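Colleague: The sequence shown runs 6 to 276 under the numbering used here. Ideal Cβ positions, reconstructed from N, Cα and C, are used throughout, including at glycine. The structure displayed is predicted, hence computed values, not measured ones.
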Amino acid sequence: MTFLVAGATGTVGRQVVGALREAGAPVRALTRRPGKAAFGPGVEVVGGDLTDAASLASALHGVTAVHLINFGGDGYAPLENGGDLVATIEAAGVRLVTLLAGWSESTLEPAVRASGLAWTTVAPTEIMANALEWADEVRAGRVERPYGDSRTAMVHEGDIGAVAATALLEDGHAGAEYLLTGPERISLREKIATLGSAVGREVEFVELTPDQAREAMRAQGVPEHLIEFQLDVFAEPPVEYNTPNGVVEKVTGRPARTFAQWAEQNATAFR
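Written out as C-alpha cells, the structure is:
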C-alpha cells in the first residue's frame with residue numbers, strides 16, 4: 006500500500022510523512038514545488054496542486070490511501086473544488102483518506118463524507134508550532150498579546166501526524182472525527198514563561214487591551230475579519246478547545262506531549 010501525503014512540506018504534513026516512514030510504509034510527498042522539497046530516504050516527492058484536481062493524476066497512480074488538507078494555494082484558502090478532488094481520488098482507486106480539518110470547513114469535508122471512501126477527519130485545536138510566530142519577540146525578551154490568562158489545550162504537531170498516520174495504517178478509524186488536544190490547559194502567560202525556561206532567560210509578558218491588539222494587528226496588515234475572529238477566539242476559546250480530551254493517547258497509545266516538551270525540542274528557534 007502506497008500512501009500519498011498532501012501538504013507534505015507543511016507543519017503537519019511533514020509529521021504525517023515522518024510517522025508513516027517510521028512505520029516502514031512507502032510514502033509519496035505531494036507538493037506544488039517538488040524541486041524545493043527535501044525529505045529523507047524512502048520518500049518519493051511528487052508534484053501536484055490540490056486546487057487543480059487534474060494535476061494529481063500522476064501522483065495518485067498506484068496509491069490506495071491519501072492524507073488530505075482542506076486548503077490550498079499561497080493564501081491557504083479553503084478548497085472550493087472538493088467534489089472534483091474526491092472524484093479524481095476515487096477514480097484513481099484510492100480507498101482510504103484522512104483529512105486535516107480546521108476552523109473553517111471547505112467543500113472537501115462534505116464531499117469526503119458523502120463519498121464511498123473510508124475516511125477519518127483530524128481537527129487540531131491550537132497547534133504548538135504556531136508559537137514559532139513569537140520567536141522574534143522571545144529573543145527580544147518581551148511578548149505583547151491580549152488575554153494572557155486565556156487557556157487552550159494546544160496540541161503538538163507530532164501528535165497530529167501520529168494520529169493521522171495511525172488512522173491510515175490501522176483499521177477501526179473509518180468515520181471517526183477526531184478533535185485533538187494536548188494534555189493540559191495552559192494560558193498564554195504560561196506559554197511565554199515556558200519558552201523563557203526553555204531558552205534559559207526570563208521573557209516578559211505584556212498584556213495588551215483588545216483595542217491595542219487590534220491596532221497592532223492592523224499595523225501588521227491582518228485583514229479586519231481575521232482580527233475580530235482571532236480576538237474572539239483569544240477571549241473565549243470554545244470549551245472543547247481548552248479541555249484536554251485524551252484522543253491522542255486513545256488513538257496512538259502514547260500520551261500527548263506537553264508544551265514544555267515542545268519548547269525544549271524547539272528552543273534553538275527562540276535563542
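If Asp-164 and Arg-37 are in contact, beta carbons under 8 Å, what's the gap, nearest whole angstrom?
Modeller: The Cβ separation is near 26 Å, so there is no contact.
Colleague: For a quick check, are the C-beta atoms of Ala-145 and Ser-202 less than 9 Å apart?
Modeller: Cβ atoms of Ala-145 and Ser-202: not closer than 9 Å.
Colleague: If you pair each beta-carbon of the segment 132-141 with each one of the segment 246-259, do three or more pairs fall below 8 Å?
Modeller: Too few Cβ pairs lie closer than 8 Å, so no.
Colleague: At a cut of 8 Å, does the segment 60-70 reach the segment 34-51 through at least three beta carbon pairs?
Modeller: They touch, by the three-pair rule.
Colleague: According to DSSP, is Phe-239 helix, strand or coil?
Modeller: In this structure, Phe-239 counts as helix in the three-state DSSP scheme.
Colleague: How would you label His-230, buried or exposed, when you count the other beta carbons within 10 angstroms and need 16 or more for buried?
Modeller: When all chains shown are included, His-230 counts as exposed.
Colleague: Have a look at the DSSP bridge pairing and note the partners of Ile-191.
Modeller: Paired residues: Thr-157.
Colleague: What number of angstroms, rounded off, separates the C-alpha of Asp-237 from the C-alpha of Gly-98?
Modeller: Looking at the two C-alpha atoms, the distance is approximately 43 Å.
Colleague: Hey, Arg-156 and Ala-123 are a contact pair by Cβ (cut 8 Å); roughly how many whole angstroms apart?
Modeller: Not a contact, Cβ separation roughly 35 Å.
Colleague: Return yes when the Cβ of Pro-151 is within less than 9 Å of the Cβ of Ala-198, no when it is not.
Modeller: No, Cβ-Cβ distance for Ala-198 and Pro-151 is not below 9 Å.
Colleague: Buried or exposed for His-161, going by 16 or more other Cβ atoms inside 10 Å?
Modeller: Buried, by the Cβ-count rule.
Colleague: Between which residues of its own chain and Pro-215 is the CB-CB distance below 7 Å, once the five residues before and five after are set aside?
Modeller: Excluding positions up to five away in sequence, the list reads Pro-151 and Leu-236.
Colleague: For Glu-49 versus Asn-75, is the C-beta distance shorter than 9 Å?
Modeller: Not closer than 9 Å, so no.
Colleague: Would you list, in sequence order, the uninterrupted alpha helix (DSSP H) runs of no fewer than 4 residues that lie entirely inside the segment 42-123?
Modeller: Complete alpha helix (DSSP H) runs here, min 4: 62-65, 87-96 and 113-118.
Colleague: What is the rounded straight-line gap between the Cα of Gly-177 and the Cα of Val-117?
Modeller: The alpha-carbon atoms of Gly-177 and Val-117 are separated by roughly 18 Å.
Colleague: Tell me the rounded alpha-carbon separation between Ser-28 and Gly-121.
Modeller: First, the residue type needs correcting, since residue 28 is Ala and not Ser in the sequence shown. Cα-Cα distance, rounded: 27 Å.
Colleague: As a quick exercise: from Ile-94, Ala-24 and Thr-69, pick the residue whose alpha carbon is nearest that of Ala-167.
Modeller: Taking only the C-alpha atoms, the option nearest Ala-167 is Ala-24.
Colleague: In this structure, how does DSSP classify Pro-260 when only helix, strand and coil are distinguished?
Modeller: Reduced to three states, the DSSP call for Pro-260 is coil.
Colleague: Less than 6 Å between C-beta atoms, sequence neighbours within five positions excluded: which residues of the same chain meet that for Ser-109?
Modeller: The answer, listed in chain order, is Pro-83.
Colleague: To the nearest angstrom, how far is it from the Cα of Arg-223 to the Cα of Val-244?
Modeller: Arg-223 and Val-244: Cα-Cα distance of roughly 28 Å.
Colleague: Measure the alpha-carbon distance for Trp-267 versus Pro-260 and round it to whole angstroms.
Modeller: Roughly 14 Å between the two C-alpha positions.
Colleague: List, from N- to C-terminal side, the alpha helix (DSSP H) runs of 4 residues or more that fit wholly inside the segment 161-231.
Modeller: Runs found: 162-174, 193-204 and 215-224.
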